[in-house]
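Since the structure comes first, as structure tokens, the remarks are kept for the end.
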Amino acid sequence: MKAIDQQLFDALYLLADGEGFDVYDYLPLDDVPYPFVVIGEIQVLPRQVKHKTLGRLVVMVDIWAHRDNRSEIAEISERLMEIFSSWIILESRRVKLHISASNKRVLSDTTTDLPLWHGILELEFRIY
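Pasting the structure below:
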């Protein structure tokens with residue numbers, strides 16, 4: 004059986020890909036079209052309760068778009084939060100997005116020759 008963080012990564016990747024977004028598990032090279040989504044780091048915060056492990060999983064999701072398409076960041080991030088907010092059934096557990104413990108940021112990115120918008124979702128899932 005896969006580790007719970009890998010199970011959640013796989014589920015989120017499939018959900019985002021199923022919505023038609025270009026999804027990666029790394030920041031791709033320059034030859035991919037914008038916008039795109041990167042499902043990145045996952046932090047596991049376990050809590051032992053009697054005979055099972057509960058806790059939280061914190062997932063970082065990055066969204067990148069051209070500077071003139073800030074609305075794409077808003078639309079994609081809202082859609083991702085919407086599809087991720089349903090119960091997600093994993094191999095070993097169920098998880099649920101805890102909206103009030105999650106957050107969204109939109110930053111200007113000038114680290115490339117092309118000015119970009121960088122959306123960051125920090126999503127907290129509760130393990131049940």
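So the sequence shown is numbered by the working numbering: it starts at 4 and just counts up by one. Quick reminder that beta carbons are idealized off the backbone N, C-alpha and C, glycines included. If you're wondering where the values come from, they're calculated on a predicted model, not measured in any experiment.
key: Nearest residue (CA-CA) to residue 79, options 5, 108 and 55   = To locate residue 79, count along the sequence shown from 1; it is residue 76. The residue with the shortest Cα to Cα distance from residue 79 is 108.
Neighbourhood of residue 2 by C-beta distance below 7 Å, restricted to the same chain and skipping five residues each side = Residue 2 cannot be examined here, being either before or after the span of the chain that is shown, 4 to 131.
task = Evaluate residue 49 with the Cβ neighbour count: other Cβ atoms within 10 Å of its Cβ, from every protein chain shown; 16 or more gives buried, anything less gives exposed.
result = If you number the sequence shown from 1, residue 49 lands on position 46. The residue is exposed, with fewer than 16 neighbouring Cβ atoms inside 10 Å.
request  = Could you pull the start and end residues of the alpha helix (DSSP H) that residue 73 belongs to?
outcome  = Start at 1 with the first residue of the sequence shown, and residue 73 comes out as number 70. Unbroken alpha helix (DSSP H) run through residue 73: 73 to 87.
message = Using a Cβ-Cβ cutoff of less than 8 Å, which residues in the same chain neighbour residue 95 once the five nearest sequence positions on both sides are dropped?
response = Indexing the sequence shown from 1 puts residue 95 at position 92. Around residue 95: 4, 7 and 10.
inquiry  = Assuming residue 7 is part of the alpha helix (DSSP H), what are its boundary residues?
reply    = As a working mapping, residue 7 is identified with position 4 in the sequence shown. Secondary structure note for residue 7: its alpha helix (DSSP H) is the uninterrupted segment 7 to 21.
ask   = What are the boundary residues of the beta strand (DSSP E) that includes residue 126?
value = Residue mapping note: residue 126 aligns to position 123 of the sequence shown, counting from 1. Per DSSP, residue 126 belongs to the beta strand (DSSP E) from 119 to 130.
ask   = Using CA coordinates, which residue listed in 103, 57, 65 and 97 is at the minimum distance from residue 110?
value = Residue mapping note: residue 110 aligns to position 107 of the sequence shown, counting from 1. The residue from 103, 57, 65 and 97 with its alpha-carbon nearest to that of residue 110 is 65.
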